[in-house]
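Student:
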Amino acid sequence: MKLKNGPHENHMAGIIRLLSMYQALQFQQLMRAFPELPEEKLLSIIRRLVKSGRIIFRQEQDLLLYAAGCTPDPGRIAAFWVLLDFLPEVTYHTASDFPVALTFYTSGDAYDIIHVPLEKETLMNHVLSAHKENVPRRLIIVDRTEQIPHLTFPGITAFCTVMPGGEIQYFKKQGATSI
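For what it's worth, our numbering labels the leading residue of the sequence shown as 510, then goes sequentially.
1) Is it right to say residue 588 is buried, meaning 16 or more other beta carbons lie within 10 angstroms of its own, or is it exposed?
2) Assuming residue 533 contacts residue 572 (C-beta within less than 8 Å), just tell me the rounded distance between them.
3) In angstroms with no decimal places, state the Cα-to-Cα distance between residue 610 and residue 602.
4) Which two residues bound the contiguous beta strand (DSSP E) that contains residue 623?
5) Quick check: the region 636-651 against the region 659-675, are at least 3 beta-carbon pairs closer than 8 Å?
6) Taking only the alpha-carbon atoms, compute the straight-line gap between residue 639 and residue 563 and give it to the nearest angstrom.
7) Can you look up residue 531 in the DSSP assignment and give me helix, strand or coil?
8) Assign residue 521 to one of two classes, buried (16 or more other C-beta atoms within 10 Å of its C-beta) or exposed (fewer than that).
9) Based on the DSSP output, what are the partners of residue 566 in its beta bridges?
10) Shortest alpha-carbon distance to residue 581 belongs to which of 593, 591, 566 and 653?
11) Can you say whether residue 617 is buried or exposed, counting buried as having 16 or more other CB atoms within 10 angstroms of its CB?
See below:
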């Protein structure tokens with residue numbers, strides 16, 4: 510079904526683009542991604558996209574899905590919160606494959622955002638230690654700060670924890686440059 514052209518056509522396309530890349534995002538993340546849109550206008554656009562069958566909105570979970578079969582990835586959702594912290598400096602971003610949740614670029618740097626689930630520190634050290642040269646800056650999301658001393662792979666710029674509502678607390682790696 511073709512959407513009627515209107516003043517928010519670019520916003521609709523942007524929302525669909527984000528959801529096609531990340532598969533699932535929280536409504537509050539879209540609010541931050543499109544700060545120029547008042548909440549009611551964003552909700553109106555989302556309702557139009559839902560009505561046309563382009564996206565799914567699970568309002569009780571504050572979750573937007575690209576399609577019915579999409580399974581929300583908590584690590585990727587957390588990584589998107591971190592990405593939002595770098596706006597408007599971000600020049601490009603995309604979802605990535607395991608072990609990287611998301612990759613983004615600013616005018617001067619490339620970053621990988623990696624979520625390390627609890628008790629997966631050894632696995633992630635092994636997987637991410639294979640490449641030691643020319644690695645991008647790595648921002649590491651941990652479930653608990655107790656994981657930080659156990660993560661030793663190259664390229665770590667900073668660690669952070671991400672709360673479900675998007676609150677982020679950063680922890681600088683000893684000896685690393687600032688983010």
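C-beta atoms are modelled at their ideal positions from N, C-alpha and C, and glycine is treated no differently.
Treat the numbers as computed from the prediction; the structure is a model and nothing was measured.
Tutor: On the basis of the coordinates in this document:
1) Stepping through the sequence shown from its first residue, residue 588 is reached at position 79. Residue 588 is buried by the Cβ-count criterion.
2) Walking along the sequence shown from the start, residue 533 turns up at place 24. Walking along the sequence shown from the start, residue 572 turns up at place 63. Rounded, the Cβ-Cβ distance is 6 Å, consistent with contact.
3) Here residue 610 corresponds to residue number 101 of the sequence shown, with the count starting at 1. Here residue 602 corresponds to residue number 93 of the sequence shown, with the count starting at 1. Going by the C-alpha atoms only, they are around 11 Å apart.
4) Along the sequence shown, read from residue 1 onward, the residue named residue 623 stands at position 114. First-last of the beta strand (DSSP E) with residue 623: 619-625.
5) yes
6) Numbered from 1 along the sequence shown, position 130 holds the residue referred to as residue 639. Numbered from 1 along the sequence shown, position 54 holds the residue referred to as residue 563. Taking the straight line joining both Cα atoms gives about 40 Å.
7) By 1-based counting over the sequence shown, the position of residue 531 is 22. Helix, per DSSP.
8) Stepping through the sequence shown from its first residue, residue 521 is reached at position 12. By the 10 Å Cβ count, residue 521 comes out buried.
9) Here residue 566 refers to the residue found at position 57 of the sequence shown. Per DSSP, 573.
10) Taking the first residue of the sequence shown as 1, we reach residue 581 at position 72. Minimum Cα distance to residue 581 is reached at 566.
11) The residue labelled residue 617 in the question sits at position 108 within the sequence shown. Around the Cβ of residue 617, a 10 Å sphere holds fewer than 16 other Cβ atoms; the residue is exposed.
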